[in-house]
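Just so you know, the protein sequences line up as chains A and B, in that order.
Under my numbering, the letters of the first sequence match residues 1 to 118, in that order.
Under my numbering, the letters of the second sequence match residues 1001 to 1118, in that order.
Note that beta-carbon positions come from the ideal geometry of N, C-alpha and C, so glycine has one too.
Quick caveat: nothing in here was measured; it's all calculated off a predicted structure.
Protein chains: 2
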Amino acid sequence: MADDMQLCETQCVHKDIVEKVKKLLPDEEAIYDLADLFKMFGDTTRMKIMYVLLESEMCVCDIAEILGMTQSAISHQLRILKSSKLITSRREGKSIIYFLADDHVRSIVNQGMEHIFE
Amino acid sequence: MADDMQLCETQCVHKDIVEKVKKLLPDEEAIYDLADLFKMFGDTTRMKIMYVLLESEMCVCDIAEILGMTQSAISHQLRILKSSKLITSRREGKSIIYFLADDHVRSIVNQGMEHIFE
DNA sequence: GTAATATATGAACAGATGTTCAAATGTTCG
DNA sequence: CGAACATTTGAACATCTGTTCATATATTAC
């Protein structure tokens, strides 16, 4: 609505392509979810946490120690990662052990690596 | 340095695992670069732009029209995407045509999709 | 050259995001 | 039970990020 406010008020638009591609786009929600997933990998702390968990499941304290960060900061990030189903946890006595939910982290990280090294 | 300020001042740390994993971690720079790459996919606008370009190369104006966004906003994002080498451009008369640099976008997006649909 | 078109750019602003700090929760052990 | 331990949580703060608006650059057409 209010089509051409700051848009191209002009003729550069290729109507045929625009119409075709408009129809091919996934709906808003799918794109939102995807972006949300990749956001998880877009922060250094979370990235480090995932790398750590690729090596071994671990309690919060261990991760904090390895990364040299506050236990609280790690806990906050773990919660976010958990909400996106990339990691899970189980209680083991006083500790809570975090681990990767499945192999998706590995494959996504690897795809990223491939792009970097070129 | 200043090891245990807010860290685990306590005994929960599993020294063996911690030491082992510390050594296995990639260096700071690699992780930073990876996170930076995934940041590109972590924003709805950029995600949409990439989806659009998966269908067809296109000028800035077309993308703005398809997404119903300002030409300026798109231009800003294109610059960011270009800086991460995910897209490139060529001039064609008055227009500048943007297109995906290689197949990485497709494979990364697909990996993401796989995680979503489960 | 000048006007028109297509895109880029910079500063400003608003909203999102990550860390810190202090305090709360929940578990184990004596 | 109460003390100690491991983790979570919430509010506050600072930083980062994306969009807007106004303006600048660059190409084409006359």
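Rounded to whole angstroms, what's the CA-CA distance from residue i to residue j? Just pull it up for me.
i	j	result
B/H1014	B/M1050	43 Å
A/L34	A/L86	13 Å
A/T70	A/K20	50 Å
B/I1074	A/C12	15 Å
A/M113	B/N1110	15 Å
B/E1055	B/E1028	35 Å
A/R79	A/S72	11 Å
A/K22	B/D1103	21 Å
B/C1059	A/C59	50 Å
A/E57	B/I1063	44 Å
A/G68	B/L1025	13 Å
B/I1031	B/H1115	21 Å
Looking only at its chain, what residues have a beta carbon closer than 6 Å to the beta carbon of residue i, apart from the 5 residues adjacent to it on each side?
i	result
A/T88	A101
Per DSSP, which residues does residue i bridge with? Please list them.
i	result
B/E1092	B/S1095
A/I74	Looking at the DSSP assignment, A/I74 forms no beta bridge with any residue, so it has no partner.
A/I87	A/L100
When we look at the beta-carbon of residue i and count the other beta-carbons within 10 Å, is it buried (16 or more) or exposed?
i	result
A/R106	exposed
B/K1048	buried
A/E65	buried
Excluding the 5 residues preceding and the 5 following residue i in the sequence, name in chain order all residues of the same chain whose CB lies nearer than 7 Å to its CB.
i	result
A/L53	I87, Y98, F99, L100
B/L1081	M1040, R1046, I1049, I1087
A/R90	I97
A/L37	S84
A/I108	F41
Sorry if obvious, but does the Cβ on residue i come closer than 7 Å to a heavy atom of the ligand SAH?
i	result
B/A1064	As for the ligand SAH, it is missing from this structure, which has no ligand bound.
Cutting at 8 Å between CB atoms, please list the residues of its own chain near residue i, excluding the five before and the five after it.
i	result
B/C1061	Q1071, S1095
B/Q1077	D1043, T1045, R1046, I1049
Every unbroken alpha helix (DSSP H) inside the segment 7-62 of chain A [4 residues or more]: 15-24, 28-40, 44-55
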